[in-house]
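Protein chains: 2
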Amino acid sequence: MAHMGPGSAGSTADPEYWHITGDSFPSIKSEMDAEEEPEHLTKIKLKLQDIQEAHSKIKKDIIFTPVVEAKHVGRKFCNVFFKLENLQYTGSFKARGACNALASLSHSERSKGCTISGGRNFLLAMTYYGHRYSIPTSVVVPRDCPIADRHRYRENYAVVKMYGSDQNDASLHALSYCEEIGTKHMHGYDRLDLMAGYGTIGLELLCQLDKIDAIICPVGSGGLIASLIVAVKSLKPKCLIYGAECASCPVMTRALQEKKPVMVQLNATIADSLANNIAGMNAFNVIKGYLDRIVTVDERMISRAMIMLLEREKLIVEGAAACPVAALLGGRVPELAGKIVVCIVSGGNVNSMRMARVIDRGLAADGRLVKFMATVPDVPGAIARLLVKVGETGADVRSMVPERTWMKRDIFSISVSKI
Amino acid sequence: MAHMGPGSAGSTADPEYWHITGDSFPSIKSEMDAEEEPEHLTKIKLKLQDIQEAHSKIKKDIIFTPVVEAKHVGRKFCNVFFKLENLQYTGSFKARGACNALASLSHSERSKGCTISGGRNFLLAMTYYGHRYSIPTSVVVPRDCPIADRHRYRENYAVVKMYGSDQNDASLHALSYCEEIGTKHMHGYDRLDLMAGYGTIGLELLCQLDKIDAIICPVGSGGLIASLIVAVKSLKPKCLIYGAECASCPVMTRALQEKKPVMVQLNATIADSLANNIAGMNAFNVIKGYLDRIVTVDERMISRAMIMLLEREKLIVEGAAACPVAALLGGRVPELAGKIVVCIVSGGNVNSMRMARVIDRGLAADGRLVKFMATVPDVPGAIARLLVKVGETGADVRSMVPERTWMKRDIFSISVSKI
Chain A
314 MAHMGPGSAG STADPEYWHI TGDSFPSIKS EMDAEEEPEH LTKIKLKLQD IQEAHSKIKK
374 DIIFTPVVEA KHVGRKFCNV FFKLENLQYT GSFKARGACN ALASLSHSER SKGCTISGGR
434 NFLLAMTYYG HRYSIPTSVV VPRDCPIADR HRYRENYAVV KMYGSDQNDA SLHALSYCEE
494 IGTKHMHGYD RLDLMAGYGT IGLELLCQLD KIDAIICPVG SGGLIASLIV AVKSLKPKCL
554 IYGAECASCP VMTRALQEKK PVMVQLNATI ADSLANNIAG MNAFNVIKGY LDRIVTVDER
614 MISRAMIMLL EREKLIVEGA AACPVAALLG GRVPELAGKI VVCIVSGGNV NSMRMARVID
674 RGLAADGRLV KFMATVPDVP GAIARLLVKV GETGADVRSM VPERTWMKRD IFSISVSKI
Chain B
314 MAHMGPGSAG STADPEYWHI TGDSFPSIKS EMDAEEEPEH LTKIKLKLQD IQEAHSKIKK
374 DIIFTPVVEA KHVGRKFCNV FFKLENLQYT GSFKARGACN ALASLSHSER SKGCTISGGR
434 NFLLAMTYYG HRYSIPTSVV VPRDCPIADR HRYRENYAVV KMYGSDQNDA SLHALSYCEE
494 IGTKHMHGYD RLDLMAGYGT IGLELLCQLD KIDAIICPVG SGGLIASLIV AVKSLKPKCL
554 IYGAECASCP VMTRALQEKK PVMVQLNATI ADSLANNIAG MNAFNVIKGY LDRIVTVDER
614 MISRAMIMLL EREKLIVEGA AACPVAALLG GRVPELAGKI VVCIVSGGNV NSMRMARVID
674 RGLAADGRLV KFMATVPDVP GAIARLLVKV GETGADVRSM VPERTWMKRD IFSISVSKI
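If you read the sequences in order, they're chains A and B. Going by this note's numbering, the residue at position 95 of the first sequence is 408; the numbering climbs one at a time, nothing skipped. Going by this note's numbering, the residue at position 159 of the second sequence is 472; the numbering climbs one at a time, nothing skipped.
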C-alpha cells in the first residue's frame, strides 16, 4: 500500500475526545512521495490543504457529527464505530460539500443564484445552504420526482422545475435553463469543491478516535471515499480504507478493472444514492493508487444491514449508508477480524414508505416473516382451526388471502395464503 | 418554583463541550433548604450524591450518549436538542439504572444471581449487564411476551421463564420463583439504585450544553424524571423540568391532582413503556414539589412525533421517547418559545412490525396516506381510467379492494377502496 504522506499516527489524535477547535487539526501538508508513483501524483487534484481550508470555512455551519460504538454490528468479530452523517443537516454528508461549494461563491455569483441538478441528497443540501446563505436556488428534477422530495426543496425556498423522464434529461435541461435565467449551474458530480467538503469527515474522525485500523465507506461515483483517502491517508497512512459498492451498479469496481472510468448499466437498487453509471475522474485518480480494497454487496445484504441498523443500533440509514455494514455482515472483509473499524453512515434520507417495505423484506430475509400456503376443507371453522395452530407456535398472522377460484385440487377445499 | 440546592448555573457547565472526565463534575452537594419546605425534604430519599456516586461507578460501562441539535423539530419556535438515550447500550436509559444496581451487588449476591421481572427495556438492560458482569440472570415474563424479546434476553444468556397472562402475574411469580432457586429478586419499580443511575443523564447534559432553559422528559412511574430533577435542579436550579405523559395512562397527573399516587386504569398505548398503573412513591415525593409542569399527549400526537423524528431527525425512538416532542408539536408548551429545550429521547426499543404500522398511521395523520371510495361502472377499463386519474395527481396507489358484493347502488357499478 502506498503512503500518501509522512504524517504519523501519533501526531493526529486529539487527546480530548469530542473536543475540537480549528487549530487542533494537524497542519501536516499532504506531500506525496513523487518518486514512488510519479504518474499518479500529477493527476490527483484534491489536496489535504483543500480539505483543511474547507473545514475552516464550513465548521460553523455544519454539524460535527457524533461517532458511536456499535452495540451489535461486528459483535465477536471486530470493534465497530459509526460516523453518523445521517445526523448531519439535511440528513447526509452532502451537506459538507454543498456548504463548501456555496460558501466559496463570489458575491456576484451569490446574488445571481444557482440552478442545481443531481440526486436527492445533493439537492436537499444545496437548497438548504442556498437558503441559509441567502442564495436563490432553482432545481431541475425529472417528472417522476416524488412529491415528498419536491416539498422538501420548496421548504428551502427553491424554485422547483420538472423536466424529462430521468436524471440525465433533467441535468441537460438544467444546463440550458441556467443560461436562460442567468444563474450558475451546479451539479454534484466529481467536483473538487464538494470533495473538499466531504473530506472534513476524515479530519473529524481522526480527532474523535485515537485508534482506527480501517474505515469502510460507501462508493457511488467515488467523491466521498476519494476525499476520505486524501484526508485520512495524508495524516494516518496506516489506516486502511475500504470501499463498499452495491453489486447492482459497480462503477468503481469496473473502473479499477479497466484502469479507467467506464459506463456501467444502471440497475435499480435500494442504495439509490449510489446509482451512478460512471465513476468520477477526480475520484478515480485518487482511488486507483490508494484504496486498500473494494467489495460489492447485494440487495439482500443491504436490506438486512438496514434492518439491523434500525433494530439493533437504532439508526435510520438509507441503502447507500448501509453498504459498509452489509460488507461486514456478509463476511466480505474477514481480514478485519479484531480490528477497530469505522463505518461511514453516509446518510439517512430514506422515504418512509420504502423504509416500511425494507422492514418487511428484512424480516423476510431474517426468516422472521414467512409466507405459506395451506389447503383446508371448505367447511365452517376450518380456517379458524388453522389460525389456532399458527397461534400456538407463537407466530402472529399478518395477512391472509382465502382462494377458491384458482385451486387445482377438489372443489371442496380452499387455499389460504399468509404473508 | 422551589430550588433544591445552592448550585449556580455558572459553576456547572464544563467549558469543553463533549469532553468529560470523572473529576470534571461539580462536587456541590445537594443541600435542600430545609426551612422552606420541611415536610417534603424528609421524604426525598434520592440525593445528588447518590447520582454522583452512581456516575463514578458506571461511567466506564455505559455510553456517554450524544446530544444533537434538532434539524426540524421546534423550527421557528424554539431551539431543540435531543439527548440520545436510544443510542445507549440496550437501546434505553434503563441501562444506566441496571448497570448501577448490578454493580452495587455484593460478591455473594453476584454469584447467586438474580431473578428479574419488569418491562422490556428493564429486562434488556438487566440481562445485558448481568452477562457483562458475569451475574447469572433469570427473567419471568408473561406468556404473551413476543418471541423477539425472549430471543434478546436469551442472547444475553438469561434463563427465560414464562408465567401468567400479564405483567402482574409474571412479577408475582418471580417473587416465589426467586425464593425457590435462591436468587435475589430485582424489579424495576421506584428503586433508588436505579434512579441514581438514571440521574447520570442530568450530569452528562450539564457538561454537554452550556445553556439549557428547559428539559422535557417522558413520565411513566416517574423514576427517570425524578432523578433528573435531583441531578439538574441541584446544580442548575433555574433550569425548568417538564414531564410529558401519555394521555392513556396519566398516573403522575392523577397523583399530583390527588396529592398521592393513585391507581389508574391501564389503557393500551403506543408509548407502552410508560404504561404503569401507579406512580412510584420515591419518584412522586421528588416530583410533587419540584416539577415545573406536566402535560399529557395523545396517541395521535405520539405517532406524528415518532414519524417526524424518523423522517426529519433520522432517529428511531419508541413511543415513550416521542412524548416530549409530541408535547412540542401539539403546542402544549407555548411558554417555551425562543428557549433552549432538551428533549430526553429515552429509548428506541420499538418492534419493527410496530414501526412499520406507526409509519402508516403517521403518514395518515399527516394526510400523506388517504383512504377513499369511488364507484365506477362495471365495464372493462373503468378501474384503469380511475387509476390514471389518480396517477396524474402525483399520488401512488398503495392497495386497492374492488367490491361487488355489498354495493348499495345499481348492480352495474363497482366500488373501489384505496388505502
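Glycine included, every Cβ here is placed at the ideal spot set by N, Cα and C.
By alpha-carbon positions, which one of the options ends up nearest to residue i?
i, options, result
"Val380/B", "Ser417/B, Leu516/B, Ser369/B", "Leu516/B"
"Leu676/B", "Arg613/B, Phe394/B, Leu507/B", "Arg613/B"
"Val630/B", "His420/B, Met668/B, Glu648/B", "Met668/B"
"Thr496/A", "Val472/A, Gln480/A, Lys356/A", "Val472/A"
"Ile538/A", "Ala687/A, Phe395/A, Tyr511/A, Gln521/A", "Tyr511/A"
"Met713/A", "Val543/A, Gln401/A, Leu587/A, Val683/A", "Val683/A"
"Arg681/A", "Leu522/B, Asp462/B, His420/B, Phe685/B", "Asp462/B"
"Ala687/A", "Ala560/A, Ala416/A, Val703/A", "Val703/A"
"Arg433/A", "Ser447/A, His500/A, Ser419/A, Leu488/A", "His500/A"
"Gly387/B", "Val689/B, Ala639/B, Gly707/B", "Ala639/B"
"Glu468/A", "Val393/A, Gly661/A, Gly443/A, Ala581/A", "Gly443/A"
"Asp506/B", "Ile672/B, His368/B, Gly707/B", "His368/B"
Below 8 angstroms on the Cβ atoms is my contact criterion, and I expect residue i with residue j to pass it. Report the Cβ-Cβ distance as a whole number of Å.
i, j, result
"Met621/B", "His385/B", "7 angstroms"
"Asp503/A", "Gly593/A", "3 angstroms"
"Glu398/B", "Phe406/B", "4 angstroms"
"Tyr555/B", "Val608/B", "7 angstroms"
"Ala635/A", "Ile615/A", "5 angstroms"
"Leu361/A", "Ser547/A", "4 angstroms"
"Asn413/A", "Ala509/A", "6 angstroms"
What are the residues that DSSP puts in a beta bridge with residue i?
i, result
"Met594/B", "In DSSP, Met594/B forms no bridge with anything."
"Cys656/B", "Phe395/B, Ile529/B"
"His498/A", "Thr428/A"
"Gly644/A", "Looking at the DSSP assignment, Gly644/A forms no beta bridge with any residue, so it has no partner."
"Val386/B", "Answer by DSSP bridge pairing: none, since Val386/B is not bridged."
"Glu366/A", "Bridge partners of Glu366/A: none, in fact."
"Leu553/B", "Ala527/B"
"Ser405/A", "Gly660/A"
"Leu628/B", "Leu628/A"
Is there a Cβ of chain A sitting closer than 8 angstroms to that of residue i, yes or no?
i, result
"Glu382/B", "yes"
"Lys546/B", "no"
"Lys474/B", "no"
"Lys268/B", "The shown model of chain B, from 314 to 732, leaves out residue 268/B, and the question about it has no answer."
"Leu415/B", "no"
"Leu400/B", "yes"
"Glu344/B", "Bear in mind that the predicted position of Glu344/B carries a pLDDT of just 39, short of 50, making it unreliable; the figure below should be weighed with that in mind. False, the Cβ-Cβ gap to chain A never drops below 8 angstroms."
"Glu624/B", "yes"
"Gly404/B", "yes"
"Gly661/B", "yes"
Could you check whether the Cβ of residue i sits closer than 8 angstroms to any Cβ belonging to chain B?
i, result
"Lys707/A", "What sits at residue 707/A in the sequence shown is Gly, not Lys. Yes, contact with chain B."
"Tyr446/A", "no"
"Asp673/A", "yes"
"Met668/A", "yes"
"Ser665/A", "yes"
"Asn589/A", "no"
"Leu700/A", "no"
"Leu676/A", "yes"
"Gly410/A", "no"
"Pro305/A", "This structure cannot speak to residue 305/A, because chain A is shown only from 314 to 732."
"Lys373/A", "no"
Can you give me the Cβ contacts of residue i inside the same chain, cut-off strictly under 7 angstroms, excluding the 5 residues immediately before and after it?
i, result
"Arg465/B", "Leu437"
"Pro637/B", "Ile529, Cys530, Pro531, Ala557, Cys656, Ile657"
"Gly535/A", "Met565, Ala592, Gly593, Ala596, Phe597, Ile600"
"Gln480/A", "Pro455"
"Leu579/A", "Cys562, Ala588, Asn590"
"Leu488/B", "His498"
Give me, in chain order, the residues of the same chain whose beta-carbon lies closer than 8 angstroms to that of residue i; leave out the 5 immediate sequence neighbours on both sides.
i, result
"Gly477/B", "Pro455, Arg456, Ala483, Leu485, His486"
"Tyr441/B", "Tyr402, Thr403, Ala408, Ala411, Asn469"
"Thr718/A", "none"
Excluding sequence positions up to five away, which residues of its chain have a Cβ less than 6 angstroms from the Cβ of residue i?
i, result
"Met439/B", "Ala411, Ile429"
"Arg606/A", "Tyr555"
"Arg423/B", "Ile448"
"Ser540/A", "Met508, Tyr511, Gly512"
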